[in-house]
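J.:
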Amino acid sequence: MINTNKKFWLDTPLHEMSLEQWESLCDGCGKCCRIQYLDETDTMLMQTDVACRLLDIDSLRCTDYANRLSKVPDCVQITPQTLKDYYWLPKSCSYKIVARGEDLPSWHHLVCGDHQLIHKEGHSLRGKLVSQRHVHEEEIEDRIIQWIAITD
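So in my numbering, spot 39 of the sequence shown is number 39, and the numbers just go up one at a time.
#1: List in chain order: all unbroken beta strand (DSSP E) runs of 3+ residues lying wholly within the stretch 34-114.
#2: Any idea if S108 is buried or exposed, counting beta-carbon neighbours within 10 angstroms, 16 or more meaning buried?
#3: Ends of the alpha helix (DSSP H) at K120?
#4: Since H24 is in the alpha helix (DSSP H), which residue starts that stretch and which ends it?
#5: Taking all protein chains shown into account, do 16 or more other C-beta atoms lie within 10 angstroms of the C-beta of Y95, making it buried, or fewer, making it exposed?
#6: Between W107 and chain D, is any beta-carbon pair separated by less than 8 Å?
#7: Considering only their Cβ atoms, is the gap separating T48 from I57 smaller than 8 Å?
#8: Report the residue from E23, R68, C32, L14 whose alpha carbon sits nearest the alpha carbon of L129.
#9: Taking the straight line between their C-alpha atoms, what separation do you get for Q81 and S106?
#10: What span of residues does the alpha helix (DSSP H) with L129 cover, start to end?
#11: Could you check if D27 is buried or exposed, using at least 16 other CB atoms within 10 Å of its CB as the buried criterion?
#12: Residues in its own chain within less than 8 Å of H123 by CB, not counting five upstream and five downstream?
Below is the structure:
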């Protein structure tokens, strides 16, 4: 169990965090687990309301986290070394917040002790996604809900 009395994310460099510390940074928002597309110029991100088939859309947790990379070919593994490669992650991503040297938001479970506060305050995608298991592959692009210019 991580001692969160000390805000390790403020004084431990990402590459020196233990696996437990690193994994605990995930706030469970579900934003990286929705189906997204980059345009042909890699400058626009097209977000859908379709979640990866392994994401439990109620808890916003992966149903097979240990095997996700082999089961979902385009699943990503965010690490301190690969974080910079995932420029499409939202600015609100806890990994990106910590990488910028900022403190985690008040609703983050490491700050408030409540894994549900992110959902209660509307900072997650709970209630906003449909599972890929219930959408035909050819219909996913029809479910684009937002286009975002990528600037980082």
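Backbone N, C-alpha and C fix where the C-beta goes; we use that ideal spot for every residue, glycine too.
Keep in mind the model is a prediction, meaning the values are calculated, not measured.
T.: The answer reads as follows:
#1: When DSSP assignments are scanned along the stretch 34-114, the uninterrupted stretches of beta strand (DSSP E) that are 3 or more residues long and fall wholly within it turn out to be 34-38, 44-51.
#2: As a working mapping, residue 108 is identified with position 108 in the sequence shown. The sequence given here has His at residue 108, not Ser. Buried is the call here.
#3: Position 120 of the sequence shown, counting from 1, holds the residue named residue 120. Secondary structure note for K120: its alpha helix (DSSP H) is the uninterrupted segment 117-120.
#4: Working through the sequence shown from its first residue, we reach residue 24 at position 24. It is Ser, not His, that sits at residue 24 in the sequence shown. Start and end: 19-24.
#5: One-based indexing of the sequence shown puts residue 95 at position 95. Residue burial is scored here from C-beta neighbours: Y95 has at least 16 other C-beta atoms within 10 angstroms and is therefore classed as buried.
#6: Going by chain labels, chain D is absent from the structure shown, which holds only one protein chain.
#7: Position 57 of the sequence shown holds residue 57. Position 48 of the sequence shown holds residue 48. Between I57 and T48, the CB-CB gap reaches or exceeds 8 Å.
#8: Counting from one through the sequence shown, the residue named residue 129 turns up at place 129. When each option's Cα is compared against that of L129, the closest is C32.
#9: One-based indexing of the sequence shown puts residue 81 at position 81. One-based indexing of the sequence shown puts residue 106 at position 106. In this structure, the alpha-carbon of Q81 lies about 26 Å from that of S106.
#10: Counting from 1 along the sequence shown, the entry for residue 129 is found at position 129. In the DSSP assignment, L129 falls outside any alpha helix (DSSP H), carrying neither H nor E.
#11: To locate residue 27, count along the sequence shown from 1; it is residue 27. Burial call: buried.
#12: Sequence index remark: in the sequence shown, residue 123 carries index 123 (1-based). Its chain contains D27, C29, S92, P105, W107 as the residues whose beta carbon lies nearer than 8 Å to that of H123, once the 5 sequence neighbours on both sides are disregarded; these appear in chain order.
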